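First comes the structure, then the notes that go with it.
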Amino acid sequence: MMDNEKYCIEVKIKTTYLPEQSDVGTEHFVFAYTITIVNTGRVASQLISRHWIITDGDGSVHEVRGLGVVGEQPLLKPGESFEYTSGTAIFAPVGSMKGSYQMVAEDGFHFSVEIPEFILSVPRVLH
359 MMDNEKYCIE VKIKTTYLPE QSDVGTEHFV FAYTITIVNT GRVASQLISR
409 HWIITDGDGS VHEVRGLGVV GEQPLLKPGE SFEYTSGTAI FAPVGSMKGS
459 YQMVAEDGFH FSVEIPEFIL SVPRVLH
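Position one of the sequence shown corresponds to residue 359 (this note's numbering), numbered consecutively onward.
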């Protein structure tokens, strides 16, 4: 079997605009995102760190790197999932996020999992 079947992590994303924490007047737009990470592979793997690339609608880019997610470094056995909610602020009504998780499998193999790009948009801004 190919290694990519052993080390397979699926990432699902849901976003929510938080108007109560945003300030349109100062162009401060806050979003929550809920991410579900599912180990669809055959080897237990631990999320060690993350790398985010956050882009505002005006093209400015902000990168964030850090250990774990929401203070945790979850170990996912095959078939297990981990869900967390976090947030970000951007300075335009529309932006996007993408990135990667750095993982280590229980057999010592290090690999990266792409977090597909997702849109952050104030409702009724994008048609």
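All C-beta atoms, glycine included, are put in the ideal place defined by N, C-alpha and C.
Computed from a predicted structure; not experimentally measured.
Going by DSSP in three states, residue i sits in which element: helix, strand or coil?
{"i": "residue 382", "result": "helix"}
{"i": "residue 394", "result": "strand"}
{"i": "residue 360", "result": "Residue placement at residue 360 cannot be trusted, given a pLDDT of 44 that sits under 50; the coordinates are not used to answer."}
{"i": "residue 474", "result": "strand"}
{"i": "residue 444", "result": "strand"}
{"i": "residue 438", "result": "coil"}
{"i": "residue 449", "result": "coil"}
{"i": "residue 418", "result": "coil"}
{"i": "residue 388", "result": "strand"}
{"i": "residue 400", "result": "coil"}
{"i": "residue 426", "result": "coil"}
Using only alpha-carbon positions, find the residue among the options that is nearest to residue i.
{"i": "residue 476", "options": "464, 462, 390 and 437", "result": "390"}
{"i": "residue 374", "options": "388, 399, 470 and 383", "result": "388"}
{"i": "residue 399", "options": "433, 386 and 371", "result": "433"}
{"i": "residue 397", "options": "366, 427 and 382", "result": "366"}
{"i": "residue 363", "options": "409, 437 and 378", "result": "437"}
{"i": "residue 412", "options": "426, 394, 446 and 381", "result": "446"}
{"i": "residue 466", "options": "406, 370, 380 and 394", "result": "406"}
{"i": "residue 460", "options": "443, 442 and 427", "result": "427"}
{"i": "residue 415", "options": "482, 474 and 451", "result": "451"}
{"i": "residue 490", "options": "464, 368 and 481", "result": "No answer is possible for residue 490: it lies beyond the span of the chain, which begins at 359 and ends at 485."}
{"i": "residue 456", "options": "420, 425 and 462", "result": "420"}
Would you please state the rounded distance, in angstroms, between the beta carbons of residue i and residue j? I believe it to be under 8 Å.
{"i": "residue 471", "j": "residue 454", "result": "18 Å between Cβ atoms; not a contact."}
{"i": "residue 371", "j": "residue 442", "result": "Incorrect: roughly 11 Å between the Cβ atoms, too far for contact."}
{"i": "residue 395", "j": "residue 369", "result": "6 Å"}
Just to confirm before moving on: does the CB-CB distance between residue i and residue j stay below 9 Å?
{"i": "residue 403", "j": "residue 469", "result": "yes"}
{"i": "residue 408", "j": "residue 424", "result": "yes"}
Against chain C, does residue i count as a neighbour if the rule is that its beta carbon must be under 9 Å from one of theirs?
{"i": "residue 458", "result": "Given the protein chain composition of this structure (a single chain), no chain C is represented."}
Can you tell me where the beta strand (DSSP E) with residue i in it begins and where it stops?
{"i": "residue 464", "result": "First-last for residue 464: undefined, no H or E at that position."}
{"i": "residue 368", "result": "367-375"}
{"i": "residue 404", "result": "403-414"}
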